[in-house]
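Okay, here's the thing in structure tokens:
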């Protein structure tokens, strides 16, 4: 039997570089799976069912809610978004560490339900750097950037509800630190109850046999 | 100001290879300090005060107890052994991670007093391997080996009181896993309260300034 993987939630300010860090992690190491969300919004051009999202009708989605098939869900601009439980469980059982890239509220909900989830908050090294990155994208006007900064102020109140704070200064370092945190979590005594019991039993047998 | 180091306790069965792992960690990485114990036992040939132990008279040791200068202490075969607080604090403040190689009872006492200490239990991959290593040393008779195995049975009851279980199968891997665990602990949100507060304040200022 493969050792069960670790369920990880990654959140962070818009502009913290979460997407790039996730992409780098997946490319560099093969023991991770990114959770795929279900949504009722229509697929955009080029998006593929089961790759970008699982596309559902409102009826299908609400049935999933009823049957407790979602780990968490939320409504956003008139559409449902949620995390299907089955994909996550299958991957964890196969020994993969599953990463959910979800926002604060979702993260807090999952934490309440699943005790051993690991919550990681990614932040740029400073507020100045966050602003510089948002401006540097060159795709948004100052109103949008300021709205993102205001949002970051609100989110920053909850940073200490996370288990780990990961500072995304240099991309490579950040990817390796993320990997290191998740690998260390696999060594937690709580995640090794079975191994502990085997060693205890074997020691007893060996000691009695002399 | 340097970020404070992590206080780590490493315990494990006799024969688990703790000493070799510690030595390898110190040689490979420079951000660690091994705590030096104080003792009332006489120095053995070749032992140096302040390197192997801090050698104390019974009166000196009991004064250290009275003045709360020891993190933990115990009596063993008529001698006192303990961990002086000052050395540990100085090293932690200098940003070094300090490792105490102490046994179960001491580990549990320290955990009660110091909330953020990290407890790591090192074990060989199996009981068979532990016995093989004890026999392989070739320095002990079977009675002593069996006594060590009985002791391991008793200690194994408390393995789940530790934070991490570290399996010492291959030495190099074990050293790097130990390093990885301690590095990850440095990213814990609880250990980064100051950084979180700075980012929060800065974000507020940036957001208000627009």
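Chains as they are written, first to last, in my numbering: chain B, 2 to 211; chain W, 2 to 211.
Where a beta carbon is used, it is the ideal one built from N, C-alpha and C, also for glycine.
Spell out the partners DSSP gives residue 196 of chain B in its beta bridges.
Beta-bridge annotation (DSSP): residue 196 of chain B is not paired with any residue.
What does a CB cutoff of less than 8 Å around residue 23 of chain B pick up in its chain, not counting 5 residues either side in sequence?
11, 35, 100, 102
Proximal residues of chain W, C-beta to C-beta of residue 165 of chain B below 8 Å:
185, 188, 189, 190
So which of B:119, B:6, B:25, B:5 has the shortest CA-CA distance to residue 175 of chain B?
B:25
Grab the span of the alpha helix (DSSP H) containing residue 174 of chain B for me, first residue to last.
For residue 174 of chain B, the enclosing alpha helix (DSSP H) has its first and last residue at 172 to 187.
Suppose the cutoff is 6 Å on Cβ atoms and the five residues either side in sequence are ignored; what does the same chain contact list for residue 153 of chain B look like?
The beta carbon of residue 153 of chain B is closer than 6 Å to those of 14 in its chain, skipping five residues each way along the sequence.
Exposed or buried, which one is residue 164 of chain B when buried takes at least 16 other CB atoms within 10 Å?
By the neighbour-count criterion, in which 16 or more other beta carbons inside 10 Å mark a residue as buried, residue 164 of chain B falls on the buried side.
Option nearest residue 147 of chain B by Cα separation, candidates W:106, W:52, W:206:
W:206
By a C-beta neighbour count over all protein chains shown, 10 Å radius and 16 as the cutoff for buried, is residue 65 of chain B buried or exposed?
buried
Given residue 92 of chain W as reference, the closest of W:189, W:21, W:32 once Cα atoms are compared:
W:32
Amino acids of chain W, ordered along the chain, whose beta-carbon sits closer than 7 Å to that of residue 110 of chain B
Under the 7 Å cutoff, chain W gives no residues; its nearest Cβ is about 18 Å from residue 110 of chain B.
Residue-level contact to chain W via CB, residue 119 of chain B, 8 Å cutoff
no
Please report whether the beta-carbon of residue 154 of chain W lies at a distance below 8 Å from any beta-carbon of chain B.
yes
So, are the CB atoms of residue 96 of chain W and residue 6 of chain W less than 8 Å apart?
yes
Residue 194 of chain B versus chain W: which residues are under 9 Å apart at the beta carbon?
161, listed in chain order.
Contact with chain W by residue 124 of chain B, beta-carbon distance below 8 Å
The beta-carbon of residue 124 of chain B is placed less than 8 Å from the nearest beta-carbon of chain W.
Identity of the residue in W:161, W:194, W:202 nearest residue 201 of chain B by Cα
W:161
For residue 213 of chain W, is the classification buried or exposed, using 16 other Cβ atoms within 10 angstroms of its Cβ as the cut-off for buried?
There is simply no residue 213 of chain W to check, as chain W begins at 2 and stops at 211 in what is shown.
N- and C-terminal bounds of the beta strand (DSSP E) containing residue 121 of chain B:
119 to 124
Are the segment 178 to 197 of chain W and the segment 177 to 195 of chain B touching by the rule of at least three beta carbon pairs closer than 8 Å?
yes
Buried or exposed (CB count within 10 angstroms, at least 16 for buried), residue 168 of chain B:
buried
For residue 191 of chain B, I'd like the list of residues in its chain whose CB is within less than 8 Å of its CB, leaving aside the five on either flank, ordered along the chain.
In the same chain as residue 191 of chain B, and ignoring 5 residues on each side of it, the C-beta atoms closer than 8 Å to its own belong to 117, in chain order.
Distance, Cα to Cα, residue 37 of chain B vs residue 108 of chain B?
15 Å
Could you give the residue range of the beta strand (DSSP E) that holds residue 34 of chain B?
33 to 35
Bridge partners - residue 133 of chain B, DSSP secondary structure assignment:
Answer is none; residue 133 of chain B lacks a bridge partner.
Drop a sphere of 10 angstroms on the beta-carbon of residue 81 of chain B, count the other beta-carbons inside from all chains shown, and report buried for 16 or more, exposed for fewer.
buried
DSSP on residue 111 of chain B, reduced to helix/strand/coil?
In this structure, residue 111 of chain B counts as helix in the three-state DSSP scheme.
Decide if residue 172 of chain B is buried, meaning its Cβ has at least 16 other Cβ atoms within 10 Å, or exposed.
exposed
Hey, does residue 150 of chain B have any beta-carbon neighbour from chain W nearer than 8 Å?
Yes, residue 150 of chain B counts as interfacial toward chain W.
Going along chain B, which residues have a C-beta under 7 Å from residue 205 of chain W?
Within 7 Å of the CB of residue 205 of chain W, the CB atoms of chain B belong to 154, in sequence order along the chain.
Distance, Cα to Cα, residue 4 of chain B vs residue 42 of chain B?
36 Å
With 8 Å set as the bound, which would you pick, yes or no: does the beta-carbon of residue 132 of chain B sit closer than that to a beta-carbon of chain W?
yes
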